[in-house]
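Taken in order, these protein sequences are the chains called X and W.
To convert, take the position in the first sequence, counting from 1, and add 227; that gives the numbering used here.
To convert, take the position in the second sequence, counting from 1, and add 227; that gives the numbering used here.
Reading through the structure tokens given below for one structure.
Protein chains: 2
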Amino acid sequence: MLRLSKLTDYAVVVLTTMARTDGALHTAASLTERTGLPAPTVQKLLKLLARGDILASHRGATGGYTLARPPCGITVAQIIEAIDGPIALTDCVDGQTGSCGVESLCARRGSWDKVNRAVRRALDDVTLADMAAPPLFFDAPAPERGTALAG
Amino acid sequence: MLRLSKLTDYAVVVLTTMARTDGALHTAASLTERTGLPAPTVQKLLKLLARGDILASHRGATGGYTLARPPCGITVAQIIEAIDGPIALTDCVDGQTGSCGVESLCARRGSWDKVNRAVRRALDDVTLADMAAPPLFFDAPAPERGTALAG
DNA sequence: CTTAAACGGTACCAGATTGGTCCGGATTGA
DNA sequence: TCAATCCGGACCAATCTGGTACCGTTTAAG
């Protein structure tokens, strides 16, 4: 797998919708309508994103949500962390010991850290602005000649 | 999360154990003893790794498993794919439509493809030789990659 | 001051997925 | 023949995710 949760996927849908009208105020209800996602799910998403400092919330009547930063300042890594928690491929992050019963396992723990960092960097490199960019067609002449495994 | 399965983690433990005696033949029983992991789990892992062309299996009495390639030729991406299946962060891979009920969702599908590829590249960049390398302290000057382990 | 609209937090449940186990069958060297 | 080993399923329990509901708090409008 190495799959991120469906919620994170939905979050990007909501965020790109908001990014199209950067700076505007959106209510949970309006975003529900515009995205077509189930209402309670959208509410949950917005709460999480607000906690993660990706959205700014405005309470009370005429309240709603706005992007906390311009889209180019919001990275995929931040979105994932807001929804799914810290990005860590393995259960026990480096440095910790004892959480996993097997001793020989933790010995190799530091090795994953390298992978973690590489993935992290890749995720930090893509912003919401990139995600909101035109969907560009896929049958266009592929500039890469790599094998592009069915990812 | 963006968490990979515990099985994959175990797989690395088993593989690094094998890598230390590159080329040698290992049985499921011996690897169980050396790693301390539960026996049925090790068996399952070895089967999966053999199917994924990461291990070569030898049947019959005096059979066992060997690494299909030198450690520097086995990437983390390959291991993950062998255990967890194809690396795809989102449910519907690019190009497909209709699998997810929500229409506005699939429209942004292509955006994830960029992220997918970035992560994939990061995972392709780390080999089993790297994982088997000494646990090295984190503030030490990192030596060049490509250890003598690979031969 | 009352009302209503909107966010905030928490608890809860069903379904899917993972981790772990077991058993019988096939292969091969002694 | 016999025993050691891999091979391929089926199977079950535990965990996690996705989705829902409820109630409290805040705040603008009338």
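Positions of the beta carbon are idealized from the N, C-alpha and C atoms, including for glycine.
Please work out which residues of its chain come closer than 6 Å, Cβ to Cβ, to residue i, disregarding the five sequence neighbours upstream and downstream, and give them in chain order.
i, result
"V303 (chain X)", "L350 and V353"
"Q270 (chain X)", "A255"
Should residue i go down as buried or exposed, given a rule of 16 or more other Cβ atoms within 10 Å for buried?
i, result
"D280 (chain W)", "exposed"
"P298 (chain W)", "buried"
"A251 (chain X)", "exposed"
"G322 (chain W)", "Residue placement at G322 (chain W) cannot be trusted, given a pLDDT of 35 that sits under 50; what the coordinates show is reported in the next sentence. G322 (chain W) should be labelled exposed."
"R348 (chain X)", "exposed"
Among all the DSSP beta bridges, which residues are the ones paired with residue i?
i, result
"T293 (chain W)", "W:A283"
"T248 (chain W)", "Looking at the DSSP assignment, T248 (chain W) forms no beta bridge with any residue, so it has no partner."
"T302 (chain X)", "X:T354"
My understanding is that residue i touches residue j, with C-beta atoms under 8 Å, so please give their C-beta distance in whole angstroms.
i, j, result
"I307 (chain W)", "T244 (chain W)", "That belief does not hold up - the Cβ atoms of I307 (chain W) and T244 (chain W) are roughly 18 Å apart, past 8 Å."
"V241 (chain W)", "L275 (chain W)", "Contact flag wrong, Cβ pair sits at about 11 Å."
"A315 (chain W)", "Y292 (chain W)", "Not a contact, Cβ separation roughly 28 Å."
"D249 (chain X)", "L294 (chain X)", "6 Å"
Can you give me the C-alpha to C-alpha distance between residue i and residue j, rounded to a whole angstrom?
i, j, result
"R296 (chain X)", "K233 (chain W)", "36 Å"
"H253 (chain W)", "L231 (chain W)", "26 Å"
"Y237 (chain X)", "A309 (chain W)", "28 Å"
"H285 (chain W)", "P313 (chain W)", "26 Å"
"T262 (chain X)", "A246 (chain X)", "13 Å"
"T259 (chain W)", "P267 (chain W)", "9 Å"
"V239 (chain X)", "G290 (chain W)", "50 Å"
"R344 (chain X)", "Q305 (chain W)", "18 Å"
"I172 (chain W)", "G287 (chain W)", "Outside the shown range of chain W (228 to 378) lies residue 172 (chain W), about which nothing can therefore be said."
"L355 (chain X)", "S257 (chain X)", "20 Å"
"L264 (chain W)", "D357 (chain W)", "22 Å"
Near residue i, what residues of its chain come up, given a Cβ to Cβ distance below 8 Å and the 5 sequence neighbours on each side ignored?
i, result
"E330 (chain X)", "Residue placement at E330 (chain X) is poorly supported in this model, since its pLDDT is 48, which falls under 50; the coordinates still yield a value, given next. Once the five neighbours on either side are set aside, E330 (chain X) has no close Cβ partner at all."
"V342 (chain W)", "L316"
"D311 (chain X)", "L231, S232, L234 and T235"
"V346 (chain W)", "I314 and L316"
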